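Peer 1: Its first residue numbered 1, the sequence shown is counted upward by one per residue in full-length UniProt numbering.
Think of the CB as a built atom: it goes at the ideal place given N, C-alpha and C, for glycine as much as any other residue.
Everything numeric in this text was worked out from a predicted model, so none of it was measured.
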Amino acid sequence: MKIAVYGATGMVGSQIVAEAAKRGHEITAVSRSGRDVPGATTVSIAELGDSAAYRALAGANDVVVFSIPPSRTGESHQSFIDAHEEISETLVPARVFVVGGAGATEVDGVRLVNTPGFPEDYKAEALTMGEVLDFYTSASGLDWTMLAPAPVIAPGEPTGTIVLGNDSPAGERVSTGDFAVAALDEIEEPRHQHRRFTVASA
Numbered sequence: 001m002k003i004a005v006y007g008a009t010g011m012v013g014s015q016i017v018a019e020a021a022k023r024g025h026e027i028t029a030v031s032r033s034g035r036d037v038p039g040a041t042t043v044s045i046a047e048l049g050d051s052a053a054y055r056a057l058a059g060a061n062d063v064v065v066f067s068i069p070p071s072r073t074g075e076s077h078q079s080f081i082d083a084h085e086e087i088s089e090t091l092v093p094a095r096v097f098v099v100g101g102a103g104a105t106e107v108d109g110v111r112l113v114n115t116p117g118f119p120e121d122y123k124a125e126a127l128t129m130g131e132v133l134d135f136y137t138s139a140s141g142l143d144w145t146m147l148a149p150a151p152v153i154a155p156g157e158p159t160g161t162i163v164l165g166n167d168s169p170a171g172e173r174v175s176t177g178d179f180a181v182a183a184l185d186e187i188e189e190p191r192h193q194h195r196r197f198t199v200a201s202a
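1) If you compare alpha carbons, which of D178, S79, V43, I16 is closest to E131?
2) How far does the alpha helix (DSSP H) with T137 in it reach, from first residue to last?
3) When DSSP builds the beta bridges, which residues end up paired with G165?
4) Just how far apart, CA to CA, sit A58 and T159?
5) Taking only the alpha-carbon atoms, compute the straight-line gap between A60 and P116 and give it to the nearest angstrom.
6) Name the DSSP beta bridge partners of P149, please?
7) Quick check on the burial criterion: 16 or more other C-beta atoms within 10 angstroms. Buried or exposed for E106?
8) Decide if the segment 66-73 is in contact with the segment 86-102; the criterion is three or more beta carbon pairs, one per stretch, under 8 Å apart.
9) Determine, using beta carbons only, whether T90 and Y54 come nearer to each other than 9 Å.
10) Let me know if G24 comes out buried or exposed under the rule of 16 or more other beta-carbons within 10 Å of its beta-carbon.
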């Protein structure tokens, strides 16, 4: 399978590339720097909002993975939001797999970002990822899936045991290795098309 991974140099994206390579897939690592990523077959330089580059990658690959968080430097998230809105409205032959955010997951129908005690430092990112999720759930004709991590995601190898959930957190923590395993399992055998699901380490 041919898989393009945006954000391939990041904490989560690099693990997705490594897991995909381990399973024998052909990976294009997409980043702003064009830096080599272990396991990637080729590299591509592209910005998230470059629609021409996205269309080209979606035409050359079976799946396009977006593993790019919104900015955490305090700058506006509008360009990130606009890019995902356009992606959600663009019909392409590839499947779209989006790495979501834990803050937009729900407990008893309420998003975590709207619950008492949610960390102020993560609110902007959580609200943005909730808006992005809304774009995809409203999309028509696009083959998409979003995977959200547990509230705590940290670098780590696959543990060999993961727990999946629907819109609510599947557990407290997940390693990047376990997240990548869940992502590739879904990419290889889609079971959550046109919806968001969650993962945690058991």
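Peer 2: Looking at the coordinates:
1) S79
2) 123-137
3) T198
4) 32 Å
5) If I take the Cα positions, the gap works out to 45 Å.
6) Looking at the DSSP assignment, P149 forms a beta bridge with V199.
7) Here E106 is buried, its C-beta having at least 16 other C-beta atoms within 10 Å.
8) yes
9) yes
10) exposed
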